[in-house]
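Presented below is the structure to which this report refers.
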Amino acid sequence: PPLPPELQRLDEGIPTLSDVGLDRNPRVIQGGEDAAWQRLNEFIDGPAGVYSKGRNRLDRAGTSRISADLKFGLLSPLQVWWAMENAEERPRDAGSFLRQLVWREFSHHTLWHQPHLLEKPFRPDFEGFPWLDDPGGWDAWVTGQTGYPVVDASARQLLAEGFVPNRARMISASFLTKHLGIDYRRGEAHYLRYLVDGDW
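The opening residue of the sequence shown carries number 30 in the numbering used here; numbering runs sequentially from there.
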């Protein structure tokens, strides 16, 4: 529904990106409820049918790209669930996608009840883990200069688009912590600075 007349004038003095000499990055997803529904419907009509295979393929668009829409409340988990279930042709791999949606909600539920997990490991015996201080490794990881193509592509996509597919996030985080030995919380803070869908 349209905004009430008294609220429609509130944005009259707010400059646009072009007013301040900036261009909109076309690689960053378009916001708004209409765009969110369009993304969801395109996913249901396309990649959702082979989601369990496509979601881990970094060479093609196999994910929904609705994580930011869920974060900002443009779509609710229930709306996504029912859109998938009630699609004219329910995607044959809908269950695989819906399980991931449930994992998202489970993670939010866990953090609601255990907010300390945002700062401390789930297992207390890892609190004293000997993380390394490796400025060169950190800089290479952040800028996409590690020499490992998938890790570097993930870093560059994050900076260029504010989005990285889940599989690439996991590979990048694993490289940071297991290969470089750098504290996962530093990586989390870096990702949250740039991710459009970062919501912790």
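From the three backbone atoms N, C-alpha and C, an ideal C-beta is built for every residue, glycine too.
Quiz item: How many Å lie between residue 49 and residue 43 at the Cα?
Solution: In the sequence shown, the residue the question calls residue 49 occupies position 20. In the sequence shown, the residue the question calls residue 43 occupies position 14. Each residue's alpha carbon lies about 10 Å from the other.
Practice problem: State the start and end residues of the unbroken alpha helix (DSSP H) segment that holds residue 71. | Solution: On the sequence shown, residue 71 is found 42 positions in, with the first residue counted as 1. From DSSP, the alpha helix (DSSP H) with residue 71 extends over 62-74.
Practice problem: Could you have a look at residue 17 and say whether DSSP puts it in helix, strand or coil? | Solution: There is no way to answer for residue 17, as the model of the chain reaches only from 30 to 229.
Self-check item: Inter-stretch contact at 8 Å, needing at least 3 Cβ pairs: the region 74-81 / the region 197-206
Solution: No: fewer than three Cβ pairs fall under 8 Å.
Quiz item: What do you reckon, are the CB atoms on residue 187 and residue 213 nearer than 9 Å?
Solution: One-based indexing of the sequence shown puts residue 187 at position 158. One-based indexing of the sequence shown puts residue 213 at position 184. If you check the CB distance, residue 187 and residue 213 do not come in under 9 Å.
Quiz item: For residue 190 versus residue 84, is the C-beta distance shorter than 9 Å?
Solution: In the sequence shown, counting from the first residue as 1, residue 190 sits at position 161. In the sequence shown, counting from the first residue as 1, residue 84 sits at position 55. It is not a contact, given that the beta carbons lie outside the stated cut-off.
Quiz item: Over what stretch of residues does the alpha helix (DSSP H) that includes residue 121 continue unbroken?
Solution: Reading the sequence shown from its first residue, position 92 is the one you call residue 121. Note, residue 121: premise wrong, no alpha helix (DSSP H); not H, not E.
Quiz item: Are the CB atoms of residue 225 and residue 82 nearer to each other than 9 Å?
Solution: Looking up residue 225 in the sequence shown gives position 196. Looking up residue 82 in the sequence shown gives position 53. Cβ atoms of residue 225 and residue 82: not closer than 9 Å.
Practice problem: Mark residue 173 as exposed unless 16 or more other C-beta atoms lie within 10 angstroms of its C-beta, in which case mark it buried. | Solution: Walking along the sequence shown from the start, residue 173 turns up at place 144. Per the 10 Å Cβ criterion, buried.
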